[in-house]
Every structure is written in C-alpha cells, then in structure tokens.
Amino acid sequence: MSALRWGRGAAGLRRALWPAGRHGLLAEEGTLGVIGGRRRSLSASPCEQDRRKDWGHVELLEVLEARVRQLQAESEAEVTVKKVAMAQASEAGGIQPPRKAQVGAGDRWAQKLDEEQRLMERRKEQLRERMQKGGKRLWRVELRKEPRLLSRKLAKQLQRWQKGTPQSPWEEQLEQLLQEAPQRLSCKEASRDPEAKLEGQQQKLLSFLECCLHTGHLPLAHHVLVTYHSRSQQQQLLTLAMYNAVMLGWAREGSFKELVYVFFMVKDAGLTPDLLSYAAALQCMGRLDQDTDTIRRCLKQMAQDGLQLEGLFTSVLLREEERAELLKAVRKAKPTFSVPCPRPPPPQVNTSPLLREIYAKPNCTVSYPRLHLPLEKLQELFQQQLSMELATTVTVESVEKAPPLTKEVLHARQTLTILRAQWEKALCRELQETKESEAYAAHEGRSSLFPYLCLLSEKELVEMLLQTLQVLPAHGESLFYLAHRLGQRVFNRHMVQRKQLSNQVQVLEKQYSKYLHLLASDTQVAEPCLPRQYWEALGLPEYPQEQPWSLSVLVQLGKRLAEMLVQAVRMPSNLATPRDSNTLIPVLYHVYSFRSFRQIGILKPHPAFRQLLETAAEGTLTFESTEVPMLCPPLPWTSPHSGAFLLSPTKMMRSVEGTQQHQVLLERCRPAELHGALDALTQLGNCAWQVNGPVLDLVLELFNNKGCPHLGVPAPPLEAPRPPEGRQAPDACLQPNVLPTQKAELRRELARRLKMAREMHSLRTEALYRLSMAQHLRGRIFWLPHNMDFRGRTYPFPPHFNHLGSDLARALLEFAQGRPLGPQGLDWLKIHLVNLTGLKKHESLQARRDLADELMEDILDSADRPMTGRKWWMEADEPWQTLACCMEIARAVRAPDPTAYVSHFPVHQDGSCNGLQHYAALGRDSAGAASVNLMPSDLPQDVYSGVAAQVEVFRRQDAEQGMRVAQVLEGFISRKVVKQTVMTVVYGVTRYGGRLQIERRLRELQDFPQEFVWEASHYLVRQVFNSLQEMFSGTRSIQRWLTDSARLIAHMGSAVEWVTPLGIPIIQPYHRDSKVTIKGGLQNLSFNSSVDTSQKPNTLKQKNGFPPNFIHSLDSSHMMLTALHCYRKGLTFVSVHDCFWTHAADVAVMNQVCREQFVQLHSQPILHDLSRFLRNRFCSDPRASKNIWASRLMDTLLSVPKPGTFDLEQVKHSTYFFS
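The sequence shown begins at 4 in our numbering and counts up one residue at a time.
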C-alpha cells in the first residue's frame, strides 16, 4: 500500500486529531494567489513551523470532507472513501474508511461549496431558458455594422451619405474622409501608436479581433469593434492596429461599405491612417475593380500624408494574393508602376570591439565545423522533425516495467477504452454548449472566449483535454498552473496551423534544403560563413508576426477548458462493472488548500481513477513537440522571434509569463547589435548529441528494481514510507483516552510521511520522463536548441532531457560527433575523471593524472563490472559521470593506438568561483584575484578554505576575549559550513539569507549543540562578510556602487536597464505586484503579476538584484565569446553557464580561447561604460536636474570605484583559472 493511498484516507482522522480549543485558519474563499507572497522564514521555531503545517493540512482535510458531503447532497454518488476505491484496492487494504462526518468547522466549507454550486447551476439554467425562449433568435441577433460616432459632424456626414443616392457614395465618402484625416499624430494618438507595446486589455482585445478573423467571424469582430467604439471609455482601448485588422478583413472580403465604416471610426477616434490602412483600401478597390479616378485620388491623398507608394510593397507584410490585388489597383491608376525589387538591407556591421575578429572577412585560419552526416541523411531528419512539429505531440514508450497481462490489467485497459469513448462525446457536447454561451457574450459586444475556442477543431481540443487528464498527478494540480498550460498549448497549436495554412511550410522546406549544404559532410559552399549569415543570404521571405496572447487570456481560456473537463468527465461509481452502473461520479474534483497562508484551488483526480490508471499500466507518455530534442539541426537565430524550432513559436529571450518589456527592447535594437547573441545561441544549438547506451542500460536496471536514491535513481511508490503501526497507528489514536499532544504528534508524522511520499512521486516522475526520452532517442542523433534568460544566460528548450540536468542526466549524453584523442586527450580524460570524483581538488593537474594511473585497476573494474565489482565509482561526487568516464578510459587504453581512438565523451572545465573572478577582474583586485586563481600558481587556490581560515582567525580572537558562541564553535568552522554563503554572496545574498544557509549547515553537524544554532549562525554570517570584506575589498566596493545606483534609479520610478558588452539590452523585471482576477466558474482565479511596467518598480528587488544580474550578464558574455571563437576554430563547444565542455583532444585549445576572451572582455572599460549608459538613460532629461534622486544618482554614477593594480595578462598563464 503506497503512502499516497493511505494518506487520502486520513480525512477521517480530522476530528480525533484536532487540538482542543483550536480553530482553523480563515482565508479569502474563492481566491487564488499564485505569484508572489510572503516566504516562510526558516528561522522560525520548529514548533511554530509544525503548527502552521498542521493547520494547513487540517483545513485541506475539512475541504475534502465538505466536498464529499456536497457530492452526496447532489445525489450524484455516495462518495465515501469506502465506496470510492476499487474492489481490488479494498481487498488489499489500500484505503482506510473514514468515520462519519461530524458537524463542525468544516460545515462552513460545505455551505460555501454548496452556494457556489447552486450559483453555477442557476446561471446555466438561466442560459438554457434564455436560449429556449428565443429559439434560434440568439443566432439571428443582427450584428452591428453601422458605427455610432461620437463626433456630431462625422455622424451627420455618415447619415447624409447613407440617405443620399450618388452613383458611388462609398468611394466618394472614403476620399473625403481621407482628406479630412489629421495630418500628424497628436499626443493622444502617439500614445496609441500601433507599434507601441500593447498591455492588458488592449492586448486582449487585439488578440480577440485577430482570432475572429482567423476563424471566419469577421462580422463578429466588426460588431465588437463598433460596440467598443460607441462607448467613450471603451474607445480609449482601441488602437489603429485594431481598426486596421478589421479593415484588412473586409478588404479580403471585398466589402467596401464596411471598410468605409471602419474608416469613419478611425477618423472619429482622431487617428491617422497608415500604410496598412491604405493597403487595405487599395486591396479592396482592386478586388472590386474600382474606377481609376477613385484609386488615383486615394493615392494622391496617401502622398499628401507623407506616405511613399513603394512602402505598400516594402514595408507592409501581406500575403501573395493580397499583394496581387493591391498591385492590380495601383497599376490601374499608374500603369507604368513596377514593384520595387526587394533591396537587400545595407550591410550592418557589429561595432563591438569584442566581436571585430568574429565578423572580419574569413581567412585561411577559419575552420568552421561541419556535421559528420551527409546531405541526404540530414534531409531525412528534417522531414522527421517537420512531421513531429506538425503533429504538435510526440508519443514515447514508457520505460516503467510493464506488468504481466493478467485479466485484471486487460479489464482495466478495456474499461479505460470504454470510458474515453464516452468522455469524448461528453466533452464534445460540453464544448458545443460552451461555444454557444461564449458566442452569446460576443454578440452582446464583449470580447469573449468564442473565437479562441474555434481556433482548433473539437477533436483536437478533446484530445488535448484527455491528455491533460491522463498526466494529472495523484495529489492534484494548481488550477492556475493547469489553466496556463492548457492556454499555452492552444496558442502553440494555433501558431503551427497558421504557418501551415499560409504556405510557410513549403517555403521552409526549400530554404532548409539549401541551408543544409553549409552543414552536411558531403557538400561545399563558395565561402565559409556563420549559419545565420548563410541563412539570411538565402532570402527567406518575411511574414506578419502574430501578437502573443496576454497572460490573462491564456489563463482564462485554460481555466474554461479545465472547467469543461471537470463538468463533463464522469465515471461509474463501481468501476468493476462500468456498463451496468447508472450512478456517475466526477473524475476530477475541485478543492482548496493552503500554501504559505494563501488559499489556492486544486484539481484532484478521483482515487479510483488513479487506481484504474495504475492497474492498466499503459506504456506510453505524451509530450509536446517543443519538450523533445530536435531531430535535425535547429534553425539559425536571425531575430528575437525567429530561430530554433521549425514551426513552433519561440522567443530568443525567455521571461516571466505576461511580460513584454524584454521583447520590446530586443525589437528596438539594430539587428547588428544582436548578432553576437544570435550566433552564440545558434552555435550552442548546432551541437549534435547521442545517448550513452551502456550507462542508460545500467540506470534502467536500477530504475525498474527498487531504484537507488544514493545514486540519484528514485525509488518506486511502493518504497514510500508506510503509516505508523502499533500504538502509533491511526486507529489506535482515535481512542478517547489519547492525549492532545499525542494526536498532534501523529498529525505531524502523517504530514511528514505524506510529504515524503509526494516528493518521491515527483522525483520518480521526473526520472521516468528523462529515461523514457533517452530510451526513445537511443541510437539516434538529436539537437538541443537554446535560448537565454533576461540576463543573457543560455538554456536548452527541452526541459526533461538536457545537459543542464543532474549528474545522471549528464552521464546519459555524449557528443554525436567523435574526435581522435590525439597526444593529450587521454591525459585530459584522466584529469576529468579525478575532478568528477572530488579527490585531489587542491592538487596539481600532474597529481591528478598520477592518481588516475594509480587507480587504473579500480577504473577498469568499474567499467567492466559496474554492478558486481568493487563499485569504486559509486563513492564519487558525480558517480554516473564518473562511471561513464571510466568506460571511456577503458575503451581508450585498450585500443591498439589510444591517440587514434575516436572519443565522443565531453570533458568539462569549471570556473573557480566564477562570480568572484569577474568581480576581481572588474576591480583589478590583486588579493581577490589570487584567491580565485586569476594569478598563476603551482597549486589551485581555494577561496572557500581561505574564507574559513579567516573566519577561524576572528573566532579565535573572540574566544580569547570570553565570547561564549565563539568558544562553542571551536572545531566546527569548516569549508563546507561557509562554502554556500561565499559562493552566493557574489550573487547578492543578504546577511539574512546567508544566515539561513549557515543555519542549515550547522544543523547537519551531529556533534554541534543545537541550542546554539541560532546564535552561532548570526555570528558566523557576520564573520564571513567581514572576511570577504578583508579579502575582496574591491569586490565589496563595486557591489555597493551597483546597489546604490539601482536603489536611486528605482526611487526615480524606473527599472534598472543596461547593455551587456555584447550589445544585449537588459531590463530587470521587478515591479510592484498588481492583482489580476478572472471571475466566475469553479472559483475566482486571482494571481499577482510583478511584470507590468506601468507599475512602480520594486525598490528592494531592483537594488538587491542588480549586482548578481550584472555579473551574470558578464559571465554569459564571456561564455558567448568563447563559444564563437571555438566555433571559428572548428571546435565542438557547449556550456553549463561557467562550465565549458568540449572533446578531450580540444581541451587545451578551449582553455586558451577561454583565457584570451576573459582578458579581452575585462580589458574594456566595463564600469565606465555602464556609468555612461546609466547617466544617458536616467540623468539626461533636463527635468532630472530638479529631481533630488536624479542629482544623487548623477553623483553616484560619477564615483566609479577605482581599480587596483592587478595585471589582467596574468590570467592567460593561470593553469587553474578554469580547470
């Protein structure tokens, strides 16, 4: 019996375990707080922490009881835990029956849930009555076409033209409207420029209108636009982009009258038509074959507005068919007009001195690497990847050990098949009803979910919902997370379909086939160049960019889909005989829980349904295509929104959902300024990978045989902790003579074991996904496309299987393209092996090679008999990577010629506390540079041991003066105690956070007196910071300067911005939280958004985040420079932030490039450039001189910390800088 099962049966213990006189926590019901919130302090007393957890768990048990009573009241099923379980589970003793529900505090929950249910039923009944009374009248509601104009002059003019009967009233009306349009943007208009960033309701309304056009509901889009325009307050939300969208729709239809209506609204709103507006009008004229005079007058007015005719074909992105109609109209007025040839953009050169060599004309020393695969094979792989992205999902065989096909298993699978067929029909009906209700809301002039629900077919939506149901964990999922994920999946599939319908797939096939000539092993190109440069030279046509949906739209759509799943999917109460049972119960139920004192809604699957899935043990897993590594080389990154996957939407910079500020900054950049980042991301994604089969076999053997947590292989659910037995058993504690303290202790023990079981389930699921993916890709070559976060740090897209994972995940991967070891490759393999074991950290490279030779017998034994031999590899710091390296060394030393052995194994070189390395280089701090191996030395320096030694000096002095805590700490100050704090202080950890880190380390020491933990952690964190101040004086001064600058910028009401040395614009996304609420349905869903740039900046996060984020932007710049120069030299290169990987034969070359680029990076006046940028950005406004914060900021920025005397050239000769 798993802990998850008996944990569910604990609801019956609620009354017996509730402490006397204690009442539950009350929270705002029906509200969900997701993002943000107060974090729980680890320094709180253990009793207080346990009490908080206990209250939260008891409230959840009350909710579950209330939900049971609610379902009983609905007469849909008598849901008790005794009747919920399958017959097989109850026979096995898997579920404990609860006691009869008692009247108490939980009744408040039942009343609230009953009230919400009655309200939902009442609303649905009202809708049914309204539709029945009106019959088909709902769909006969006349959609408004004629606008209600706020300008009396325009309203009279429109009325006069409608009543008049000239020969061609609408053409003449359009001419007059264009002549009267304002000739330049007013201040009001400038704020509503179509290229301006759309936020909140504006972004939501624009996406609604565009979805209406995509789904063939143009009259509905026009109706909603007219409704909004007719109300002065709602009209403020409308932008020219929205009017243009509807105009373009009518132009495609050839509906000139409706198009003029939209022009009336544009004029009424005080906006000026732009090129797209004229393109829509002329396209419509071309379709209707309008007379020449009308077209000529339109072109004349366009010229008077300062718009160039050629711009209609060079600046406006239209479909080919639309361009043809536009050209037809133009040539009718100007027969000699010829479409301007697309001029190649003027060559833009990246001006960064750091990249001058990269973009210099290639010479004979340039040796860009090529793949080891021929053109035909790469084209075949492209077709496989294209098919996968068109399908949008990938089905993978599970590596979970399949059970024998007993009658019970076959019966469970048959039952699931029958139920899913029923659920498909029920979901289709629910989807149709939902569309009707949402259509009604849209007909009333509101932007509803109706067009979003029409983007995909009913079959696709139903399949998506059933897939979601299949993977829902037993402990449930946050409604917010589930809703957001569903909404994002709809958007991604819609985008793929849009590209499919717009002929982009066929164009992509031709372009990609040409692009492969640059990469294939059996083709040649005229001149070597970077992948991005080659792709751009092919001239891929541009397509209109789709506006991303706002976070509120994604969540609202996903929430509605999740509610459909709850309402429609039901199962028989007795799963043993599904066909004979008439009583249906919900498969999902909605409950509330508490996390950090916030009430959140959770959707939980019925225990019987989870039991049915476990019994059926279906052997497949389904992933989104973007969650799986690519089967062909990724597309080169050419812009902030174009690269990586073939069809799936991507972004160059990942960010918190709902924010647009990073994307806006990137779009405003000159394309050349981003070339360094674009090419580095492309290079990282072009590395081909393969699965290490022998290691995977061993991991699978352990995975299907009770696991091995010590080696990072999670145990199966059967190994989860059992419920207490004997006197501590739940039944024994229900007796009336049990003391309240014993009940409280049992509650804590139950909560602890349930928490452990859930953590084990989460780890097991993560491992199942990773290993199933690895097994799916065994024997195949694949690629990991990359993008970056807002600081420039790079990450692979596929989340489950990549080289940024754990030791186990890294051991499963190796380069698909091998390189002969050469004369030094075997030595680097040996050094790498010793590095992985954690031995000889403070010894020289020669000592590490010698140790590997001494341990050769253990190495070969580990490679030959990993599970039956001496198992030396299991004691290493990184056991699985150690084993993989042992196998590689064994193959190499046994080869006839080790230097000719082709190795696929990646060798790592790690930075030595890389953050402090950058600080020491920035401040030219000689003492700090020596501590972090920027200076040459015979042995590697260990900054953590140095800090521990300095703290010990301070402790000894205080102990001699009689300080009690210093005396208690004697013998307990070690490298391990201070390491985490020293490592993270460079990334902005505060004294509070550092104290918590040290507190955790002290609690791990068995001999340390625990009553002194709080006092000792306070003392140690103070001494650690004092030691760092003594050892890294330049570092601390730079940190203070960055912090003070960020604090003053935030006080001025702005977020901190800067540009990295490679030209990447960065803005910190820390703003004060704004609450967003989506009302109705199962619950009012509220979440906090801290990414709205209209909100004031969060001063605390801005100032604390600037130093670490700035250093991260420097280490990402160093990595990108190293990647680009390694690519130029023909090396395979990937990284995990400050850990660089390449073939063993190329480590020496990579080390040289790494050091040269670090010196080149820090030879730039980085701090002075930052000071100049911040002064121009925040202090150049004349009004700033009157602002006291601006004045202080100017003084601070002019006081750049003075550098020390350290000579950067020494880094080139430092063996242990990266090692």
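Ideal Cβ placement from N, Cα and C applies to all residues, glycine included. No experiment lies behind these values; they were computed from the predicted model shown.
Taking all protein chains shown into account, decide if residue i is buried (16 or more other Cβ within 10 angstroms of its Cβ) or exposed.
{"i": "Ser-210", "result": "buried"}
{"i": "Val-1214", "result": "buried"}
{"i": "Arg-3", "result": "There is simply no residue 3 to check, as the chain begins at 4 and stops at 1222 in what is shown."}
{"i": "Arg-1131", "result": "buried"}
{"i": "His-789", "result": "buried"}
{"i": "Pro-1064", "result": "buried"}
{"i": "Gln-170", "result": "The predicted position of Gln-170 is uncertain, since its pLDDT is 44 and thus under 50; no value can be drawn from it."}
{"i": "Asp-682", "result": "buried"}
At what residues does the beta strand (DSSP E) containing residue i begin and finish?
{"i": "Lys-1078", "result": "1077-1081"}
{"i": "Thr-1246", "result": "Any property of residue 1246 remains undetermined from this structure, which presents the chain solely from 4 to 1222."}
{"i": "Arg-598", "result": "591-598"}
{"i": "Glu-704", "result": "Premise fails: Glu-704 lies in the alpha helix (DSSP H), 696-706, not in any beta strand (DSSP E)."}
{"i": "Leu-1134", "result": "Note, Leu-1134: premise wrong, no beta strand (DSSP E); not H, not E."}
Quick check: the Cα distance between residue i and residue j, rounded to an integer number of angstroms?
{"i": "Asn-936", "j": "Thr-871", "result": "41 angstroms"}
{"i": "Ala-903", "j": "Asp-830", "result": "14 angstroms"}
{"i": "His-1072", "j": "Ile-892", "result": "Note that residue 1072 is Pro in the sequence shown, not His. Using only the alpha carbons, I get a separation of about 47 angstroms."}
{"i": "Tyr-362", "j": "Asn-353", "result": "8 angstroms"}
{"i": "Tyr-1022", "j": "Ser-1036", "result": "21 angstroms"}
{"i": "Ala-1193", "j": "Leu-1045", "result": "15 angstroms"}
{"i": "Glu-313", "j": "Asn-1190", "result": "47 angstroms"}
{"i": "Leu-358", "j": "Ser-847", "result": "34 angstroms"}
{"i": "Leu-321", "j": "Gln-514", "result": "20 angstroms"}
{"i": "Pro-544", "j": "Leu-285", "result": "23 angstroms"}
{"i": "His-1171", "j": "Pro-1110", "result": "15 angstroms"}
{"i": "Glu-722", "j": "Lys-709", "result": "7 angstroms"}
{"i": "Glu-512", "j": "Leu-384", "result": "12 angstroms"}
{"i": "Phe-957", "j": "Glu-1033", "result": "12 angstroms"}
{"i": "Asn-695", "j": "Ser-1183", "result": "57 angstroms"}
{"i": "Met-288", "j": "His-226", "result": "23 angstroms"}
{"i": "Pro-1012", "j": "Phe-975", "result": "11 angstroms"}
{"i": "Ile-834", "j": "Lys-982", "result": "24 angstroms"}
{"i": "Ser-1222", "j": "Asn-838", "result": "9 angstroms"}
Looking only at C-alpha atoms, which of the options sits nearest to residue i?
{"i": "Phe-1209", "options": "Ser-934, Tyr-362, Arg-1050", "result": "Ser-934"}
{"i": "Glu-858", "options": "Leu-836, His-1140, Ser-370", "result": "In the sequence under discussion, the amino acid at residue 858 is Leu, which differs from the Glu named in the question. Comparing Cα positions, the closest option is Leu-836."}
{"i": "Arg-1", "options": "Arg-373, Val-510, Thr-653", "result": "No statement about residue 1 is possible, as the shown extent of the chain runs from 4 to 1222 and does not include it."}
{"i": "Arg-1180", "options": "Glu-676, Val-1059, Lys-1099, Leu-485", "result": "Val-1059"}
{"i": "Gln-204", "options": "Ser-553, Asn-805, Ala-283, Leu-1127", "result": "Ser-553"}
{"i": "Trp-538", "options": "Phe-1015, Pro-547, His-520, Glu-549", "result": "His-520"}
{"i": "Val-716", "options": "Leu-705, Pro-724, Arg-725", "result": "Leu-705"}
{"i": "Val-510", "options": "Tyr-546, Gln-849, Leu-807", "result": "Tyr-546"}
{"i": "Val-1079", "options": "Ser-555, Glu-769, Leu-541, Thr-993", "result": "Ser-555"}
{"i": "Lys-335", "options": "Gln-307, Cys-301, Pro-350", "result": "Cys-301"}
{"i": "Arg-851", "options": "Tyr-1219, Arg-121, Leu-1088", "result": "Tyr-1219"}
Considering only their Cβ atoms, is the gap separating residue j from residue i smaller than 8 angstroms?
{"i": "Gln-382", "j": "Ser-516", "result": "yes"}
{"i": "Met-245", "j": "Leu-223", "result": "no"}
{"i": "Pro-610", "j": "Val-590", "result": "no"}
{"i": "Leu-468", "j": "Met-567", "result": "yes"}
{"i": "Leu-1134", "j": "Val-1162", "result": "no"}
{"i": "Glu-427", "j": "Gln-570", "result": "no"}
{"i": "Leu-560", "j": "Gly-490", "result": "yes"}
{"i": "Val-989", "j": "Ile-1169", "result": "no"}
{"i": "Val-954", "j": "Pro-823", "result": "no"}
{"i": "Val-399", "j": "Met-776", "result": "yes"}
What residue does the alpha helix (DSSP H) around residue i start on, and which one ends it?
{"i": "Cys-532", "result": "Careful: Cys-532 lies outside any alpha helix (DSSP H) and carries neither H nor E."}
{"i": "Pro-826", "result": "825-840"}
{"i": "Val-980", "result": "978-988"}
{"i": "Leu-816", "result": "Looking at the DSSP string, Leu-816 is not in any alpha helix (DSSP H); the run it does join, the beta strand (DSSP E), is 816-818."}
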